[in-house]
Amino acid sequence: MRWLIPLFCLALSGCAVPPSVATLPIPGETSDETEIRTRAQRAARTFVQVVDTVEPVAEQECRRIAPRMNCDFLIVVDDRPGQEPNAFQTVARDGRPIVAFNLALIASAQNADELAFVMGHESAHHILGHLARTQQNATVGAVIFSGLAAMSGASAESVRSAEEFGAAVGARTYSKEFELEADQLGTIISVRSGFDPVRGAAFFARIPDPGNRFLGSHPPNAARVEVVRRTVAGL
2 MRWLIPLFCL
12 ALSGCAVPPS
22 VATLPIPGET
32 SDETEIRTRA
42 QRAARTFVQV
52 VDTVEPVAEQ
62 ECRRIAPRMN
72 CDFLIVVDDR
82 PGQEPNAFQT
92 VARDGRPIVA
102 FNLALIASAQ
112 NADELAFVMG
122 HESAHHILGH
132 LARTQQNATV
142 GAVIFSGLAA
152 MSGASAESVR
162 SAEEFGAAVG
172 ARTYSKEFEL
182 EADQLGTIIS
192 VRSGFDPVRG
202 AAFFARIPDP
212 GNRFLGSHPP
222 NAARVEVVRR
232 TVAGL
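Using this note's numbering, you'd call the opening residue of the sequence shown number 2 and step up by one each time.
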């Protein structure tokens, strides 16, 4: 995996954003190619502006809610081609929290509010300790399912399968609740960064609705939008 941190100056503090200027056509470039390049430049500028604005607010909320946690967020971009729009939160080996966006998501966002909401949401996963809690739930599920399989006299292969299935079930046990919690805190981070999370949550209207499936990893889109609206109303 290759990370395009320098491309957007994401590893720098206070990265200057160049002023918006008209995109001049390159000799031999078609009008469609010029338009694509213009949109890409506009998306990059918007993304950098959002990161510069939201990151300090997310770190402030992190220190307020979880003062013992590493709150030094690193924002990175995954440039692998052919991916569906996605963003996720993870942790580096040294414990530093990472929020990753892929290029497809940056390009598909229709405004800065959507990018700010996504960044607030992913930052909230770290602040609320969701990654560690998911791993703990997966471990518990694996132990329970493999233990039951072993007690029933299952073969070693069946026990391993039960362990894998139990880990998957455990990891998803509270995943919907975690998503809604992250939506709530992400909304607060968005508002305190000066963005409109209700407008940002319009992003849900353009992604498939997972519905209320058993063991689904995400709640219905309508429930997520409702959490955003209710949180804004309570601020």
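Just so you know, even glycine gets a beta-carbon here, dropped at the ideal spot from N, CA and C.
Backbone secondary structure at residue i - three-state DSSP
i	result
ILE208	coil
LEU86	For clarity, residue 86 is Pro in the given sequence; the question names Leu instead. PRO86: coil per DSSP, three-state reduction.
ASN71	coil
ALA101	strand
SER176	helix
LEU186	helix
SER191	helix
SER109	helix
Residue range of the beta strand (DSSP E) that includes residue i
i	result
ASP79	75-79
Own chain residues within Cβ distance below 8 Å of residue i, not counting five before or after
i	result
GLU182	ALA125, LEU129 and HIS131
PHE205	ASN222, ARG225 and VAL226
ALA23	Model confidence at ALA23 stands at a pLDDT of 48, short of 50, so the residue's coordinates are unreliable and nothing is read from them.
ASP73	GLU60, ARG97 and PRO98
GLY154	none
ILE208	PRO86 and ASN222
Proximal residues to residue i (C-beta, below 7 Å), its chain only, five neighbours per side dropped
i	result
VAL229	ASP184, THR188, PRO198, VAL199 and ALA202
HIS122	ALA183, ASP184 and GLY187
ASN71	GLY96, ARG97 and PRO98
VAL233	THR188, VAL192, PRO198 and VAL199
GLU85	ALA105
Whole-angstrom C-beta distance between residue j and residue i, which should lie under 8 Å
i	j	result
ALA117	PHE196	4 Å
ASP52	ILE76	In the sequence on display, residue 52 carries Val and not Asp. That belief holds up - the Cβ atoms of VAL52 and ILE76 are roughly 5 Å apart, short of 8 Å.
ALA113	VAL100	So it is not a contact: roughly 16 Å between Cβ atoms.
VAL55	SER194	5 Å
Opposing strand residues paired with residue i [DSSP bridges]
i	result
THR1	Outside the shown range of the chain, which is 2 to 236, sits residue 1, and nothing can be said about it.
For residue i, the first and last residue of its enclosing alpha helix (DSSP H)
i	result
ASN222	222-235
ALA125	113-128
GLY201	198-201
Cβ-based neighbour list, residue i, same chain, cut-off 6 Å, excluding 5 preceding and 5 following
i	result
PHE102	VAL78 and ALA88
ARG64	CYS72
GLN90	VAL100, GLU123, HIS126 and HIS127
VAL58	ILE190, ARG193 and SER194
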